[in-house]
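Protein chains in written order, with our numbering: chain A, 50 to 690; chain B, 3 to 499.
Quick reminder that beta carbons are idealized off the backbone N, C-alpha and C, glycines included.
These notes are about the structure you will find just below.
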């Protein structure tokens, strides 16, 4: 019997209600009550999501061994013409249900954690209202039935992110960071929007299922139509990917993510590590049929961007000293992995290994990266600083944080049997089958990841035993609960047989551990950890010597390859000073000046000629007679000719 | 009394009532008048849907026709379709909010509100008229009070601004009058009686040679009012000097007269010439959309920022009017409504903030969110609405325009469309820059620490406008459908001609 999934529409709706209630009346309620409302609602959403996942994956999501795509609801929201309308609905398939689980899980943990972390903050209720808004938007995004619904919620998660990054709005750096995040992603969304418009112009639909139909003639037409050396479909998909790259902080649209760390740390865990930043990956996965079957060139772009970003960000992460920034670059690098996995994947069966790998890594990464950020939050909470150099020897003071952080660090480094090992293994296997360059890039990144994570770990928890002004104390129960929960998740979710549930063509298949790849990646990870241990475990390790050995490289990495400076130059120098300012001047002085000039001329001329109408009879008579005489002379002259 | 003429009579009677009451009660009278008008518009909407759902498919509803000047066949003809209905709603909401936004007006209160309602009368008359002559009459009735309102109650270089605005708009209406007369004299090519009724005129084809001459006049005539580049410069100065309610009404409603006329009269009555001249005006509209947005980045005065933003957003309207398909036309009308509400909200908030801080320079402010959270949040909502965030009205309007514009598959139009789309990125820059500088960060000026937040009348104005912006943004389909259907018969004839 088919389960009726129409109740899933309530997951976003209750979150919206919670946002409205807490947002509008939050200042009249007691702060803790606001928090409680939001938390209960998201837990309710989580329960519904787990139930849906259970029903779908384990009970009756399949028909004839193939996972079904279920449209649980679809309402018309805005009609353009008879055949084209924006709808709002719920689409359930393996990846959307997986995302529901990820979003509600991490969001619930962040809600609980924030009770401790945000305690006593001004704007506590505002914080929870924004969290509800974000969760609502993110869920609306993952369950979208069509591209335009996705775009709508895409913008809404963008604005929630803006609001939460700028939560401490009295702090200028937070304000700047929030603006930067919004504007950079908005610029990327411009590409996304044009891509949607282009795609819908040909196909006359926004609907995912209609777009994916194998015999879609319009798609074939687009794929055949050439524009500037690539097919129009490729162009549209690359533009759509531009939106995804902006949201997922892919090079060169990544500059907002490190700055976004100005937001409260639970927000970084939720939005900038586990959920929103993987929206780009989800977008490509959502349209994977189009990419893989009709526009392999666009998929190559995805792979190249992903691979480059993962390496680029890992190199930067090596030298950063702000612990949240290290994690931010690490997030970029891991999302690069996911993109790479999608990019090297093909459609169907074991060919689609990369697709499964990408989704698997998205899932495990959400757990361990969420945990790393929440752990970082607990550390910052204890020592009141983000700087690695202010920390050291904390393992004695923060035992729970220490253990959970270690689990997460091992997971992200790909040490078995923690979750990251399994997902990374199949990513590298998929890359290996596609092209060795991608494999070796991924392999090198694995080593770098292990190194920078353990550099972080050793500098925080080992290294120099510092004297702290206030003795650091372990986080309150709400915070440690979230840490422990995610710690367990990070340790065990790797054992989920993911390919049984998520595959490019919705058909379950078997995967096995690839021994060669596994051994290679574990070896490089262990090397990374050992090097980090040598350099940072003991005070006065070898770190300084290494820095001195390669000063140029070190500086390049520390300054994030000066990408920010380049952007700053373009936006401030060129757009502000050389475009906007001259336009403002031109408008005032040339356009308006010419109008004023006309008025001035009219004024002057009328001033000069107004003397004619003096009202003096003698003058009129004189002019009249003079005129008559003149006329008479003229006539005489004319006649005598 | 027929239903539509009541829309003129209610503000007119309110004006008379205001002359009779004491100075201290004037604002209450005007609030009641505006409230009655708003309720009346809502009832009209229900009656409109009642007739439509009852199967009345005639193009104009509630038609009333009185012969006015027989020998020239001038009529007072009123009637509305989905397009004019939506603009009537816009006007009554903005007037209502405008009254509450000028609650603190102290100087010559009586005269102020009377003049304001005269303007409103003109606007309502314009939107319900289907006779070009009456329409032009009401148009002038709406434009002339502007001079007084800015010249007397304005701030800064008010005489200069008032004069500039009036001269440019009067210059435009000279073009317009020639255009309208041209249409009139060509309204009956086969020798029947001439007519000013635009519904009738749209059924015939104006000779092409006449179209070629009169289209640019009419289009520019209306275009100036809709801030068509490069005839937009009256708008920043005019807005900056005008008192709050006048800015609201002017940017919110009066500039829409231009868009409405450009669509309904210039383009619809003279399709051949519209197609012929389209490239020129598409270029101007695209420049307006992008240039207005880029110009706004550099401004420091809140009102100038919003004025340039209006130039940009009205560029969208003119652009959409030239896309010649029903979806884009619908988008143009939606944009008129949406921009009307949003810009009215902006000007209302700017007025409220200015009355507290006595400055409009964003660099002198900072951290105001802390002292005036309601106004601050309102400003952010206006900003997000303006930059096209989903859930607010502008998103609906802009997406409709873009989807409509994308139906034109030629390289020139597509390039222009993409440029116009790009301006929504620039909008985000100036909106967030202004809002961030003014509201976020630490409080810059110690004197601002004791400032008060919104009073009840401020809240009325702000909440009403936010409600309609969000309502339209979340449930757009009924409005979009009404406008789309309203455009149907016009569009059919447009394609035929």
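Cβ neighbour criterion (16 or more within 10 Å) applied to residue i
| i | result |
| --- | --- |
| residue 55(A) | exposed |
| residue 198(A) | buried |
| residue 278(A) | exposed |
| residue 707(A) | The structure shown does not extend to residue 707(A), since chain A is modelled only from 50 through 690, so no value can be given for it. |
| residue 647(A) | exposed |
| residue 615(A) | exposed |
| residue 11(B) | exposed |
| residue 22(B) | exposed |
| residue 332(B) | buried |
| residue 690(A) | exposed |
| residue 584(A) | buried |
| residue 531(A) | buried |
| residue 195(A) | buried |
| residue 479(A) | buried |
| residue 41(B) | exposed |
| residue 174(A) | buried |
| residue 57(B) | exposed |
Residue i and residue j closer than 8 Å at C-beta
| i | j | result |
| --- | --- | --- |
| residue 600(A) | residue 513(A) | no |
| residue 304(A) | residue 224(A) | no |
| residue 519(B) | residue 344(B) | A query on residue 519(B) cannot be resolved here, the shown segment of chain B reaching from 3 to 499 and no further. |
| residue 237(B) | residue 131(B) | no |
| residue 161(A) | residue 527(A) | yes |
| residue 272(B) | residue 321(B) | no |
| residue 408(A) | residue 334(A) | yes |
| residue 459(A) | residue 427(A) | no |
| residue 377(A) | residue 310(A) | yes |
| residue 372(A) | residue 435(A) | yes |
Residue i: contacting residues in chain A (beta-carbon distance under 7 Å)
| i | result |
| --- | --- |
| residue 430(B) | 231, 232 and 235 |
| residue 293(B) | 632 |
Sequence-distant residues of its chain with Cβ nearer than 7 Å to residue i (five each side left out)
| i | result |
| --- | --- |
| residue 160(B) | 152, 153 and 243 |
| residue 274(A) | 280 and 281 |
| residue 425(B) | 291, 292, 295 and 314 |
| residue 580(A) | 500 |
| residue 606(A) | 364, 365, 367 and 368 |
| residue 218(A) | 224 |
| residue 201(B) | 61, 62 and 132 |
Neighbourhood of residue i by C-beta distance below 6 Å, restricted to the same chain and skipping five residues each side
| i | result |
| --- | --- |
| residue 392(A) | 348, 351, 352 and 355 |
| residue 368(B) | 443 and 446 |
| residue 189(B) | 196, 197 and 203 |
| residue 157(A) | 91, 92 and 95 |
| residue 14(B) | 123 |
| residue 529(A) | 449 |
Neighbour list for residue i in chain B, Cβ cutoff strictly below 7 Å
| i | result |
| --- | --- |
| residue 649(A) | In chain order: nothing, as chain B lies at least about 12 Å away. |
Listed by chain order, chain A residues near residue i by CB distance under 8 Å
| i | result |
| --- | --- |
| residue 409(B) | 250 |
| residue 297(B) | 629, 632, 633 and 636 |
| residue 424(B) | 239 |
Neighbourhood of residue i by C-beta, 8 Å cutoff - its chain only, sequence neighbours within 5 removed
| i | result |
| --- | --- |
| residue 374(B) | 355, 358, 453, 454, 455 and 456 |
Cross-chain neighbours of residue i in chain A, by beta carbon under 9 Å
| i | result |
| --- | --- |
| residue 402(B) | 127 and 129 |
| residue 257(B) | Under the 9 Å cutoff, chain A gives no residues; its nearest Cβ is about 17 Å from residue 257(B). |
Where residue i meets chain B, residues with beta-carbon distance less than 8 Å
| i | result |
| --- | --- |
| residue 224(A) | 438, 442 and 443 |
| residue 228(A) | 434, 435 and 438 |
Any chain E beta carbon closer than 8 Å to residue i
| i | result |
| --- | --- |
| residue 386(B) | No chain E appears in this structure, whose protein chains are A and B. |
Query raised in the report: Curious, which full-length alpha helix (DSSP H) runs of at least 4 residues does the stretch 453-485 of chain A contain?
Result: The stretch 453-485 of chain A contains these whole alpha helix (DSSP H) runs: 468-483.
**Report entry** Uninterrupted alpha helix (DSSP H) stretches inside the stretch 323-369 of chain A (no shorter than 4 residues)
**Finding:** With a minimum length of 4 residues, the unbroken runs of alpha helix (DSSP H) contained wholly in the stretch 323-369 of chain A fall at 328-335, 337-343 and 345-366.
Query raised in the report: Curious, which full-length beta strand (DSSP E) runs of at least 3 residues does the stretch 60-138 of chain B contain?
Result: With a minimum length of 3 residues, the unbroken runs of beta strand (DSSP E) contained wholly in the stretch 60-138 of chain B fall at 63-71 and 76-82.
Query raised in the report: At what residue ranges does the stretch 414-452 of chain B contain a whole run of the alpha helix (DSSP H), taking only runs of 4 or more?
Result: Fully enclosed alpha helix (DSSP H) runs of 4 or longer: not present.
**Report entry** Residue ranges of each beta strand (DSSP E) within the stretch 372-432 of chain A, 3 or longer
**Finding:** As for any beta strand (DSSP E) of minimum length 3 sitting wholly inside the stretch 372-432 of chain A, there is none.
Query raised in the report: Which whole runs of the beta strand (DSSP E) in the stretch 232-317 of chain B are 3 residues long or more, in chain order?
Result: Entirely contained in the stretch 232-317 of chain B, not one beta strand (DSSP E) run reaches 3 residues.
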